Amino acid sequence: MHQDDRYVRWFETLNNTDVPLVGGKNASLGEMVRTLKDRGIPVPHGFATTAAAYWEFLKANDLGGKIEALLKDWRQGQSPWRRPARPFAASSSGPNTPKKLRRRSALPTMS
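In the numbering used here, the protein residues as written are 8 to 118.
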(Lines of atoms letter the chains of each structure in order from A; the text may use other names.)
(Lines give C-alpha, C1' and ligand atoms only; values in the text may rest on other atoms or scores of the structure.)
Protein backbone atom coordinates (compact mmCIF):
# COMPACT_ATOMS: atom_id res chain seq x y z
CA MET A 8 0.00 0.00 0.00
CA HIS A 9 1.31 3.44 -0.94
CA GLN A 10 1.73 5.82 2.04
CA ASP A 11 -1.03 8.14 0.81
CA ASP A 12 -3.44 5.19 0.45
CA ARG A 13 -3.80 5.42 4.21
CA TYR A 14 -5.71 8.68 3.80
CA VAL A 15 -7.50 8.60 0.44
CA ARG A 16 -9.09 5.79 -1.61
CA TRP A 17 -10.78 5.92 -5.02
CA PHE A 18 -14.42 4.78 -4.99
CA GLU A 19 -13.76 2.18 -7.68
CA THR A 20 -11.29 0.43 -5.37
CA LEU A 21 -13.79 0.16 -2.51
CA ASN A 22 -16.36 -2.48 -1.63
CA ASN A 23 -18.47 -3.42 1.39
CA THR A 24 -15.50 -5.03 3.14
CA ASP A 25 -13.94 -1.53 3.41
CA VAL A 26 -16.48 -0.20 5.92
CA PRO A 27 -13.90 -0.02 8.77
CA LEU A 28 -11.52 1.85 6.47
CA VAL A 29 -13.83 4.47 4.91
CA GLY A 30 -17.24 4.10 6.55
CA GLY A 31 -20.47 2.63 5.31
CA LYS A 32 -21.54 5.37 2.90
CA ASN A 33 -18.20 5.49 1.12
CA ALA A 34 -17.95 1.70 0.92
CA SER A 35 -21.48 1.61 -0.53
CA LEU A 36 -20.55 4.29 -3.06
CA GLY A 37 -17.61 2.12 -4.07
CA GLU A 38 -19.91 -0.87 -4.58
CA MET A 39 -22.29 1.27 -6.61
CA VAL A 40 -19.51 2.69 -8.81
CA ARG A 41 -18.09 -0.77 -9.46
CA THR A 42 -21.48 -2.37 -10.17
CA LEU A 43 -22.79 0.40 -12.43
CA LYS A 44 -19.51 0.70 -14.31
CA ASP A 45 -19.64 -3.02 -15.10
CA ARG A 46 -23.16 -2.51 -16.51
CA GLY A 47 -22.03 0.32 -18.78
CA ILE A 48 -23.63 3.09 -16.74
CA PRO A 49 -21.26 6.09 -16.50
CA VAL A 50 -20.51 7.22 -12.96
CA PRO A 51 -18.41 10.26 -12.01
CA HIS A 52 -15.06 9.59 -10.37
CA GLY A 53 -14.75 10.17 -6.68
CA PHE A 54 -12.71 9.37 -3.61
CA ALA A 55 -13.13 8.80 0.09
CA THR A 56 -11.03 10.04 2.95
CA THR A 57 -10.19 7.24 5.34
CA ALA A 58 -10.68 6.76 9.05
CA ALA A 59 -6.89 7.15 9.39
CA ALA A 60 -7.17 10.68 7.93
CA TYR A 61 -9.96 11.47 10.37
CA TRP A 62 -7.93 10.31 13.39
CA GLU A 63 -4.84 12.24 12.17
CA PHE A 64 -6.97 15.38 11.92
CA LEU A 65 -8.39 14.93 15.43
CA LYS A 66 -4.91 14.30 16.83
CA ALA A 67 -3.37 17.34 15.09
CA ASN A 68 -6.07 19.59 16.51
CA ASP A 69 -6.15 17.99 19.97
CA LEU A 70 -9.88 17.41 19.55
CA GLY A 71 -10.35 13.94 21.06
CA GLY A 72 -10.66 15.08 24.67
CA LYS A 73 -12.68 18.15 23.75
CA ILE A 74 -15.19 16.09 21.79
CA GLU A 75 -15.48 13.53 24.60
CA ALA A 76 -16.12 16.30 27.17
CA LEU A 77 -18.76 17.95 24.98
CA LEU A 78 -20.51 14.65 24.32
CA LYS A 79 -20.48 13.77 28.00
CA ASP A 80 -22.09 17.09 28.93
CA TRP A 81 -24.58 16.80 26.08
CA ARG A 82 -25.60 13.25 27.06
CA GLN A 83 -26.15 14.41 30.65
CA GLY A 84 -28.26 17.36 29.49
CA GLN A 85 -25.66 19.85 30.72
CA SER A 86 -24.80 21.36 27.35
CA PRO A 87 -26.39 24.61 26.17
CA TRP A 88 -26.04 23.30 22.62
CA ARG A 89 -28.82 21.36 20.93
CA ARG A 90 -26.16 19.66 18.84
CA PRO A 91 -22.75 18.84 20.35
CA ALA A 92 -20.83 19.89 17.21
CA ARG A 93 -22.08 23.47 17.42
CA PRO A 94 -19.08 24.88 19.37
CA PHE A 95 -16.69 23.50 16.73
CA ALA A 96 -18.72 24.89 13.84
CA ALA A 97 -18.82 28.31 15.50
CA SER A 98 -15.09 28.36 16.23
CA SER A 99 -13.37 31.44 14.83
CA SER A 100 -9.98 29.74 14.66
CA GLY A 101 -9.92 27.28 11.80
CA PRO A 102 -8.69 23.72 12.16
CA ASN A 103 -5.10 22.73 11.61
CA THR A 104 -4.78 20.23 8.78
CA PRO A 105 -1.66 18.09 9.29
CA LYS A 106 1.02 18.45 6.61
CA LYS A 107 0.78 14.80 5.65
CA LEU A 108 -2.93 15.33 4.90
CA ARG A 109 -2.33 18.62 3.06
CA ARG A 110 0.31 17.25 0.72
CA ARG A 111 -0.86 17.54 -2.84
CA SER A 112 0.10 13.91 -3.43
CA ALA A 113 -2.28 12.80 -0.67
CA LEU A 114 -5.28 13.86 -2.76
CA PRO A 115 -6.10 12.08 -5.98
CA THR A 116 -6.21 14.04 -9.20
CA MET A 117 -9.69 14.13 -10.69
CA SER A 118 -9.70 13.59 -14.44
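All C-beta atoms, glycine included, are put in the ideal place defined by N, C-alpha and C.
Keep in mind the model is a prediction, meaning the values are calculated, not measured.
Short Cβ contact (8 Å threshold) for residue i with residue j
{"i": "Asn103", "j": "Ala67", "result": "yes"}
{"i": "Val121", "j": "Ala34", "result": "Within the shown structure, residues of the chain are numbered from 8 to 118, placing residue 121 beyond reach of any answer."}
{"i": "Leu108", "j": "Ala76", "result": "no"}
{"i": "Gly71", "j": "Leu78", "result": "no"}
{"i": "Val29", "j": "Arg46", "result": "no"}
Residue i: first and last residue of the uninterrupted beta strand (DSSP E) it sits in
{"i": "Arg16", "result": "Val15 to Trp17"}
Own chain partners of residue i with C-beta closer than 6 Å, once the 5 adjacent residues on each side are dropped
{"i": "Phe18", "result": "Leu36, Gly37, Val40 and Gly53"}
Cβ shell of residue i (< 8 Å), same chain only, five flanking positions each side left out
{"i": "Ser99", "result": "With a pLDDT of 41 at Ser99, under the threshold of 50, the modelled position of that residue is not reliable, and the figure given next carries that caveat. Same-chain partners within the cutoff: there are none."}
{"i": "Lys44", "result": "Glu19 and Val50"}
{"i": "Thr3", "result": "Lying outside 8 to 118, the shown extent of the chain, residue 3 is not represented and no answer is given."}
{"i": "Tyr14", "result": "Thr56, Thr57, Ala59, Ala60, Glu63, Lys107, Leu108 and Ala113"}
Neighbourhood of residue i by C-beta, 7 Å cutoff - its chain only, sequence neighbours within 5 removed
{"i": "Gln83", "result": "none"}
Check your understanding: If we count Cβ pairs, one from each stretch, closer than 8 Å, do we get three or more for the stretch 75-89 versus the stretch 48-63?
Key -> For the pair of segments examined, the stretch 75-89 was found not to touch the stretch 48-63: the number of CB pairs separated by less than 8 Å stays below three.
Practice item. Only counting runs of 3 or more residues, tell me where the beta strand (DSSP E) segments fall wholly within the stretch 23-106, in order along the chain. Key: Here the runs fully enclosed are 54-56.
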